[in-house]
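Beneath this line is the structure, given in structure tokens, with notes to follow.
Protein chains in written order, with this note's numbering: chain S, 812 to 1193; chain R, 2 to 150.
Here it is as structure tokens:
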């Protein structure tokens, strides 16, 4: 099977852009990715484009060039961008195309996500009585995790402080004001034990990546980034997942993150000990803590010491969310996973500027998790 | 005004209604006729074996608190239809032994008065009042220690 490599990345800043349609942000990101790859839009043979809010994001061809290529829409919750990348890589791996693109874009209204529970297959009373909030799940999952594994409130605050600090060094991030752990702990509780500055917010942005056959990469770049594995998993019965009015009693079942992570490591022939830099879904500070273990990057409970030692900071043993993560960048759902890959590609190229991790990183890892219990992992390497 | 406040359940067949001495308060779940998986709310199709044969099952009214959080801001409306004057509440999963873990409102809003493993008991709470004065009630769990014997 042919291997897919990333030859170009493009990122529209994440934040608030009144009056600018999501499709225009997406087109900007695509142009940046094409320029980075040194290719023109008419050379692109096919691609995948994801969005949560835009009903037919494939309309972006009207802004880029009507070349007749297949551009397929992807809609897969918070795993949307991971899915787009996986499919764009697969189209190369199977020989369908030589040059593909993955695009994500979104423009969410302010505030927490509000939706009709029926779209998630959940009865109306669940929303009417105030249970249909994804933030409840994150509060409850980390509360139980802290109880079982000895994680402190200070650790949650350190994670948030680290990510806002990293975002301050990222000109395309949204929340660029550094916050101390003390300032994070002084913000109001929204869903115990999670506080205002421990949550990410939905916002706006776009990202794109250009992929090609590994054996043709030399035509475009001296620093291709290899797509070593992509994996997507949905929840299994018994796992504790977002938007679950109930779940069965019984033996603990792994989350889809654990399942996707294991599949990706196995497919790549790369283990967690080989990962040099990671981007983990930090919907909230607790999620980053839990996802460190669910992705095999540490044992349950080790986070308390690792985070206190600065192991996940830029310059630490395993830098996590070097661009500020979701906490620093916010979450335009369709673009979020491509923003993660953009950052890993910069880090592996040694081109991340002020936030470049030291040494010569070779392996990068990205992870998404979201409703109703879906997880996407990619493993990239030089 | 001395008229008695009318109460209505937030949904039909979610819990026994109206509860009384001969009809004790219980959540109404279901049990797969083929594999025995217990579901709440009652599910016509089994998420373990995909069977479409199920029978009604009243769930235990006592359990232990598995985890919890608080809701300190008013949720977006719709879908939330609680009163404009927002009172923070707590939410948790209560493990009903041998049956399932059910998500519910908790009557105790103070996280410092909740703990994982705490015994809990099913109750009802009026979570909103309609314009005509009708109280709409939903199920909730309350710390069982609060009971006086």
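Built from N, CA and C at the ideal position, the CB exists for glycine as well.
9 angstroms or more divides the Cβ of residue 70 of chain R from the Cβ of residue 37 of chain R. CA-to-CA, the gap between residue 892 of chain S and residue 1080 of chain S works out to about 23 angstroms. Interface flag for residue 1100 of chain S against chain R is unset, since no Cβ pair is found closer than 9 angstroms. For the pair of segments examined, the segment 858-872 of chain S was found to touch the segment 880-887 of chain S: the number of CB pairs separated by less than 8 angstroms reaches three.
Across the set S:986, S:910, S:1003, S:904, the C-alpha of S:1003 shows the shortest separation from the C-alpha of residue 951 of chain S. Membership of residue 72 of chain R in any alpha helix (DSSP H) is not indicated; the residue belongs instead to the beta strand (DSSP E) covering 63-72. Think of a sphere of 9 angstroms around the beta carbon of residue 31 of chain R: no beta carbon from chain S falls inside it, the nearest being about 11 angstroms out.
Bridge partners of residue 16 of chain R according to DSSP: R:28. Boundaries cannot be given for residue 115 of chain R, as no alpha helix (DSSP H) includes it and DSSP labels it neither H nor E. By a beta-carbon distance limit of 8 angstroms, residue 1036 of chain S does not contact residue 841 of chain S. Their separation comes to about 18 angstroms. For residue 870 of chain S, no beta strand (DSSP E) encloses it, and the DSSP letter there is neither H nor E. Listed in chain order, the non-local C-beta contacts of residue 1184 of chain S below 7 angstroms within the same chain comprise 1045, 1046, 1050, 1052, 1053, 1067, local neighbours out to five positions each way being set aside. A residue is called buried when at least 16 other Cβ atoms come within 10 angstroms of its Cβ; residue 89 of chain R does not meet this threshold and is exposed. Counting along the chain, residue 912 of chain S sits inside the beta strand (DSSP E) bounded by residues 910-918.
Listed in chain order, the non-local C-beta contacts of residue 918 of chain S below 6 angstroms within the same chain comprise 833, 864, 1015, local neighbours out to five positions each way being set aside. Burial state of residue 877 of chain S is exposed, judged by a 10 Å Cβ sphere holding fewer than 16 other Cβ atoms. Contact between residue 871 of chain S and residue 860 of chain S is confirmed by a C-beta separation of about 6 angstroms, below the 8 angstroms threshold.
Contact check for residue 1043 of chain S against residue 897 of chain S passes: the beta carbons are separated by less than 9 angstroms.
Under the three-state reduction of DSSP output, residue 131 of chain R falls in the coil class, being neither helix nor strand. Here residue 1122 of chain S has 1128, 1129 as same chain residues with Cβ atoms under 6 angstroms from its own Cβ, once five neighbours each way along the sequence are excluded.
For the segment 125-144 of chain R, the set of residues with a beta-carbon nearer than 7 angstroms to any beta-carbon of chain S comprises 128, 139, in chain order. Rounded to whole angstroms, the separation of the alpha carbons of residue 23 of chain R and residue 98 of chain R is 24 angstroms. Under the Cβ distance rule, residue 19 of chain R does not count among the residues neighbouring chain S, no pair being separated by less than 9 angstroms. Only residues of its own chain outside the window of five on either side were considered, and among them 977, 980, 981, 1125, 1133, 1134 have a CB closer than 8 angstroms to the CB of residue 1166 of chain S, listed in chain order.
In chain order, 934, 935, 936 make up the part of chain S whose C-beta sits under 8 angstroms from the C-beta of residue 12 of chain R. With a 10 Å radius around the Cβ and a threshold of 16 neighbouring Cβ atoms, residue 1086 of chain S comes out buried.
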